[in-house]
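Worksheet: one structure, shown below.
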Amino acid sequence: MTEDDVEKLGDHIASLPMKTMDEKESAKRFDLLILQLQLGLLNEDTSWAKNRQRVEKIADELLTVSENLPFVAAASKTLEALLDSEWWEGVTIPELEKVRREIRDLVEFVPRHKRQVVVLDVEDEFGDIAEVDLPVEHAAVGVNVSRVEEELRASLDDHRDSLAMQKLRTARPLTESDVEDLETMVADTGLEGVDEVRESLGGDTIPAFVRRLVGLDEETMRAEFADLLEGSTLTANQISFIRHVIKVLVNNGGLTMQEAFDESFYPYGRVSDLFQDNQAVVLDLKSRLDRINATADVS
-7 MTEDDVEKLG DHIASLPMKT MDEKESAKRF DLLILQLQLG LLNEDTSWAK NRQRVEKIAD
53 ELLTVSENLP FVAAASKTLE ALLDSEWWEG VTIPELEKVR REIRDLVEFV PRHKRQVVVL
113 DVEDEFGDIA EVDLPVEHAA VGVNVSRVEE ELRASLDDHR DSLAMQKLRT ARPLTESDVE
173 DLETMVADTG LEGVDEVRES LGGDTIPAFV RRLVGLDEET MRAEFADLLE GSTLTANQIS
233 FIRHVIKVLV NNGGLTMQEA FDESFYPYGR VSDLFQDNQA VVLDLKSRLD RINATADVS
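In C-alpha cells, the structure reads:
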C-alpha cells in the first residue's frame, strides 16, 4: 500500500464509523431489533415472536405520549399499524426497514418510569463539615433492573418448549411439579438482582412473575376471546377495546379488571363508558380475566 493509498483511506474511510457515535443508544438498539426481525424472515427464528412483541410494546408506549409530542404524533399511523396483527401477516423486509427509519429516533421518548413529583421548600443550614464512616452493611449496591429483566427474558425464552412454560403461556392449570420447574428455570439463570426485578413487577409468585416476563400466547388469547369478536353485536370501539385487552395479556402476561378500569388503560374510553349499555359483557370479561390470572397459581 502506497502513501497515497493510506492518505485516501484516512480522508474517505477512517471517519465513517464515527458518524454513528452521536446517535442515541436507543436508536441503535431499535436498529438491531428490526434487523433481528428482518433476519427472522429469511431464516426461521424462535425469537421472532418475542422481538415482534418488543416492537409492539415500543409502539404502544410511544402512542401514550403522542398527544404531548407532535413529532411522535406524526408517526401515529405507523405506530397504530404496528399494533394491528393483520399488518404483521406477510410483513416484508422493506416494510420493516421503513418502520426502522421512521421510528428509530422516537424510541428515546418511550416513558421509562412514572415518577411522582414532590416539591420541597427547604432552607439549607450548613454546620461544620465532618467526615463520617458509613458501615458496610448500610452501603447500597445498585442493580440495573432493566438489564437484569432483559437477561431474564432471554434466558427464560430458551425454555419456551418446556411443558411447564407451555402450560404457563397458554393459561392452563399448573401442578406443583410445574411450579418447581419454573422456580428452577429462574434459579438456573444465576443472575444477581432477580429479587429486585420481581419486586418491581409487583412481588408476584414465581409463576406469575415468569409470565409477566414471557407473556401469554397470542393464538391462545385470541381463541379465548374469539366468541366476543366474531359475529358479535359489539360496536367498533368495543371490539377495539377487547383487542387491546388481548394485546396487553400477550405482552404483560396478565391483566386485572381493576387495571382494565383504570382511566389510562385505553386511550379511547373507559370500560364503564364503552359498555354502559352492555354490563353483561363487563361481567363476562371479568370472569375471563379472573380465570386466566388464576392459572398462574397451583391447581
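In terms of my numbering, the sequence shown has 82 at position 90, counting the first letter as 1, and numbering is strictly consecutive.
Ideal Cβ positions, reconstructed from N, Cα and C, are used throughout, including at glycine.
Given the structure is predicted, the values throughout are model-derived calculations rather than measurements.
Beta-carbon proximity of Arg74 to Val91, cut-off 9 Å: Looking at the sequence provided, one finds Leu at residue 74 rather than Arg. Against a cut-off of 9 Å, the Cβ pair of Val91 and Leu74 comes out as a contact.
Where Leu74 falls: helix, strand or coil (DSSP): helix
Pair within 9 Å by beta-carbon distance, Gln30 and Leu98: no
Rounded separation between Ser169 and Gly261 - CA only: 42 Å
First through last residue of the alpha helix (DSSP H) which encompasses Glu36: Looking at the DSSP string, Glu36 is not in any alpha helix (DSSP H), and its letter there is neither H nor E.
Classification of Lys20 by the beta-carbon crowding that lies within 10 angstroms, buried from 16 upward: exposed
Proximity of Ala288 and Gly246 at Cβ, strictly below 9 Å: yes
Selected residue, minimal CA-CA separation from Gln250, among Asn229, Leu281, Ile234: Leu281
Residue span of the alpha helix (DSSP H) that contains Pro199, given as start and end: Its alpha helix (DSSP H) spans residues 198 to 206.
Lys239 classed as buried or exposed, judged by whether at least 16 other C-beta atoms fall within 10 angstroms: buried
Pairwise C-alpha distance: Val57 and Gln268: 28 Å
Close-in-space but distant-in-sequence residues of the same chain around Ala218 (CB under 6 Å, 5 per side omitted): none
Arg93, buried or exposed, once every other Cβ within 10 Å from all chains shown has been counted against 16: exposed
9 Å Cβ cutoff met for Val202 and Leu148: If you check the CB distance, Val202 and Leu148 come in under 9 Å.
CA-to-CA distance, Met157 to Glu175, given in whole angstroms: Spanning the two alpha carbons is a distance of roughly 11 Å.
Chain-order list of residues whose beta-carbon lies under 7 Å from that of Trp80 (same chain, five-residue window excluded): Arg44
Inter-residue Cα distance where the pair is Pro103 and Arg46: In a straight line, the C-alpha of Pro103 is about 14 Å away from that of Arg46.
Where Leu126 falls: helix, strand or coil (DSSP): Because the pLDDT of Leu126 is 41, which lies under 50, any placement of that residue in the model is unreliable, and the number read from its coordinates should be weighed accordingly. In the structure shown, Leu126 sits in coil (DSSP, three-state: anything other than H, G, I, E or B).
Status (buried if at least 16 other CB within 10 Å, exposed otherwise) for Gly82: exposed
Coarse secondary structure for Leu226, derived from DSSP in three states: Taken through DSSP and simplified to helix, strand or coil, Leu226 comes out as coil.
DSSP three-state assignment for Thr212, whether helix, strand or coil: Three-state result, Thr212: helix.
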